[in-house]
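Chemist:
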Amino acid sequence: MKNPINGLNKVFESRIRLGVMSILMVNEEINFNDLKQMLEVTDGNLATHLVNLEENGYIKVHKGFVGRKTNTTYQITRQGEKAFTDHISALENMIKGIK
Amino acid sequence: MEEKTSTPDSLQDLHDIRKMMNRSSRFISLSGLSGIAAGVCALAGAAIAVSRFNYYKKNNPGMIRTETVDQLTYELLIIAVVVLIAAFVSSFLFTWRRAKNQQLPLWDYTSKRLLWNLCIPLVAGGLFITGMLYYGEWRFVAPACLVFYGLALINASKYTLTDIRYLGYCEIVLGLINMFFIGYGLIFWAIGFGCLHILYGAIMWWKYERKPEVL
Numbered sequence: 000m001k002n003p004i005n006g007l008n009k010v011f012e013s014r015i016r017l018g019v020m021s022i023l024m025v026n027e028e029i030n031f032n033d034l035k036q037m038l039e040v041t042d043g044n045l046a047t048h049l050v051n052l053e054e055n056g057y058i059k060v061h062k063g064f065v066g067r068k069t070n071t072t073y074q075i076t077r078q079g080e081k082a083f084t085d086h087i088s089a090l091e092n093m094i095k096g097i098k
Numbered sequence: 000m001e002e003k004t005s006t007p008d009s010l011q012d013l014h015d016i017r018k019m020m021n022r023s024s025r026f027i028s029l030s031g032l033s034g035i036a037a038g039v040c041a042l043a044g045a046a047i048a049v050s051r052f053n054y055y056k057k058n059n060p061g062m063i064r065t066e067t068v069d070q071l072t073y074e075l076l077i078i079a080v081v082v083l084i085a086a087f088v089s090s091f092l093f094t095w096r097r098a099k100n101q102q103l104p105l106w107d108y109t110s111k112r113l114l115w116n117l118c119i120p121l122v123a124g125g126l127f128i129t130g131m132l133y134y135g136e137w138r139f140v141a142p143a144c145l146v147f148y149g150l151a152l153i154n155a156s157k158y159t160l161t162d163i164r165y166l167g168y169c170e171i172v173l174g175l176i177n178m179f180f181i182g183y184g185l186i187f188w189a190i191g192f193g194c195l196h197i198l199y200g201a202i203m204w205w206k207y208e209r210k211p212e213v214l
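From first to last, the protein sequence lines stand for chains W and G. Position 34 (the first sequence) corresponds to 33 in numbering that gives the first Met the number 0; numbering is contiguous. Position 177 (the second sequence) corresponds to 176 in numbering that gives the first Met the number 0; numbering is contiguous.
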């Protein structure tokens, strides 16, 4: 029997990382505060998950300034897009398979 | 977070993904009631404008004296500004209420982007029309209002509920037809900003807000 967990990405087991990826799939570029507001999470929590995604090569980070304030924006990478669509296909297959 | 993924979980995941994609790319709290409110303000404004017109016509047969015409233009401009403010405030209230009911922020990334994209053609149009008035060219004010507003709506439709695009098309068509019926600007203006807004708002309310919302 085929393992239904096949194809599911471990990185996206966290709901916050999944949320970040969903947002970045449909928005070209988005900054830290907007992400924080949409996901309703704390700074530290979000930062940890973003570092994880960056280390996996799924997102790109740009550090910039707006006046004197830092403005960090995030973008999805090709690799990240692929990983995310694969993950969605795996989820769909799992639902189909069990039905 | 290390629990094993099962079917209900993956369904929930897909649901969350869809919700996040939707919510982060579009401002979804725009209320149909806002459209109705803006339409009612526009119709009221048009009615007041018509009554001012008739009043001046009655008292100044022929309307030749320029100072009375200036006075009338001035009054009409004030009516226009008051209508604009009233329409904005009343439509803001209904959208604010809907965002609160949906427990979504009113002022976030999506609403800022929506407003910015709506404002580009709108401000350009506003300045263009001000320029026309500066040269004493009032005949194309109503058509220009309608066309620029339609373009603004179409531009904004990428950042909110897409249905607003159809309202944009209608405004543009109406504005272009108006180009060839110059004397009827106020009627076209009332149809475009009054009737169409009310119709659009009613359809939107029926489609999205009639039943309690599930997000």
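C-beta atoms are modelled at their ideal positions from N, C-alpha and C, and glycine is treated no differently.
Pairs of beta-carbons, one from the stretch 165-183 of chain G and one from the stretch 132-145 of chain G, closer than 8 Å: are there three or more?
Modeler: Judged by Cβ distances under 8 Å, the stretch 165-183 of chain G makes contact with the stretch 132-145 of chain G, as three or more pairs qualify.
Chemist: Does any CB atom of chain G fall closer than 9 Å to the CB of Val40(W)?
Modeler: Reading the first sequence from its first residue, position 41 is the one you call residue 40(W). With 9 Å as the cut-off, Val40(W) does not count as an interface residue toward chain G.
Chemist: So Tyr168(G) and Gly149(G) are supposed to be a Cβ contact under 8 Å. How far apart are they, rounded?
Modeler: Taking the second sequence and counting its residues from 1, one reaches residue 168(G) at position 169. Taking the second sequence and counting its residues from 1, one reaches residue 149(G) at position 150. With a Cβ gap of about 7 Å, Tyr168(G) and Gly149(G) count as contacting.
Chemist: Closer than 8 Å between beta carbons: that is the criterion. Which residues of the stretch 60-92 of chain W meet it against chain G?
Modeler: Flagged, chain order: Ile87, Leu90, Glu91.
Chemist: Quick check: the stretch 8-27 of chain G against the stretch 158-177 of chain G, are at least 3 beta-carbon pairs closer than 8 Å?
Modeler: Yes, the stretch 158-177 of chain G is in contact with the stretch 8-27 of chain G.
Chemist: Straight-line CA distance for Gly124(G) to Thr72(G)?
Modeler: Position 125 of the second sequence, counted from the start, is the residue given in the question as residue 124(G). Position 73 of the second sequence, counted from the start, is the residue given in the question as residue 72(G). Approximately 19 Å between the Cα atoms of the pair.
Chemist: Would a check of beta-carbon distances place Ile58(W) closer than 9 Å to chain G?
Modeler: Indexing the first sequence from 1 puts residue 58(W) at position 59. No - not a single Cβ of chain G is within 9 Å of the one on Ile58(W).
Chemist: Just verifying my parser: in three-state terms, what is the DSSP assignment at Tyr55(G)?
Modeler: As a position in the second sequence, residue 55(G) is number 56, starting the count at 1. Looking at Tyr55(G) - three-state DSSP - the assignment turns out to be helix.
Chemist: Just reading off the beta strand (DSSP E) that Gly63(W) is part of, what are its end residues?
Modeler: As a first step, residue 63(W) must be located in the first sequence, where it is residue number 64. It spans 58-65 - the beta strand (DSSP E) in which Gly63(W) sits, taken as one unbroken run.
Chemist: Identify the contact partners of Leu49(W) in chain G, using a Cβ-Cβ distance below 9 Å as the criterion.
Modeler: Residue 49(W) sits at position 50 when you count from the first residue of the first sequence. Correct list: empty, because the minimum Cβ distance to chain G is about 15 Å.
Chemist: Label Pro120(G) either buried or exposed according to how many other C-beta atoms from any shown protein chain fall within 10 Å of its C-beta, with 16 as the threshold for buried.
Modeler: The residue given as residue 120(G) occupies position 121 in the second sequence. Label assigned to Pro120(G): buried.
Chemist: What does Val25(W) reach in chain G if we use C-beta pairs closer than 7 Å?
Modeler: Position 26 of the first sequence holds residue 25(W). Per Cβ cutoff of 7 Å: Met20, Ser23, Ser24.
Chemist: Indicate the three-state DSSP secondary structure (helix, strand or coil) for Thr161(G) in the structure shown.
Modeler: In the second sequence, counting from the first residue as 1, residue 161(G) sits at position 162. In this structure, Thr161(G) counts as coil in the three-state DSSP scheme.
Chemist: Determine the chain W residues that contact Asp12(G) at a beta-carbon separation under 7 Å, and present them in chain order.
Modeler: Counting from one through the second sequence, the residue named residue 12(G) turns up at place 13. In chain order: Leu17, Leu90.
Chemist: Quick one: give me the first and last residue of the alpha helix (DSSP H) that Tyr108(G) is part of.
Modeler: By 1-based counting over the second sequence, the position of residue 108(G) is 109. Start and end: 108-133.
Chemist: Using 9 Å as the threshold, is the C-beta distance between Tyr199(G) and Tyr165(G) below it?
Modeler: Your numbering for residue 199(G) matches position 200 in the second sequence. Your numbering for residue 165(G) matches position 166 in the second sequence. Yes. Within cutoff.
Chemist: Does the Cβ-Cβ distance between Leu195(G) and Gly38(G) come in under 9 Å?
Modeler: In the second sequence, counting from the first residue as 1, residue 195(G) sits at position 196. In the second sequence, counting from the first residue as 1, residue 38(G) sits at position 39. Cβ distance < 9 Å, so Leu195(G) and Gly38(G) count as in contact.
Chemist: Would you mind sorting Glu91(W) into buried or exposed? The rule is 16 or more other CB atoms within 10 Å of its CB.
Modeler: Residue mapping note: residue 91(W) aligns to position 92 of the first sequence, counting from 1. Label assigned to Glu91(W): exposed.
Chemist: Mind checking Lys3(G): buried by the 16 CB within 10 Å criterion, or exposed?
Modeler: Against the second sequence, residue 3(G) aligns to sequence position 4. Model confidence at Lys3(G) stands at a pLDDT of 49, short of 50, so the residue's coordinates are unreliable; what they give is reported in the following sentence. It is exposed - the Cβ of Lys3(G) has fewer than 16 other Cβ atoms within 10 Å.
Chemist: If the cut is a Cβ gap below 8 Å, which residues of chain W does Glu110(G) touch?
Modeler: The sequence position of residue 110(G) within the second sequence is 111, counting from 1. The question names Glu, yet the displayed sequence has Ser at residue 110(G). By Cβ distance, chain W contributes nothing, its closest Cβ being about 11 Å from Ser110(G), past 8 Å.
Chemist: Only counting the same chain, and skipping five residues up and downstream in sequence, which positions put a Cβ closer than 6 Å to that of Ala85(G)?
Modeler: Against the second sequence, residue 85(G) aligns to sequence position 86. Around Ala85(G): Cys40.
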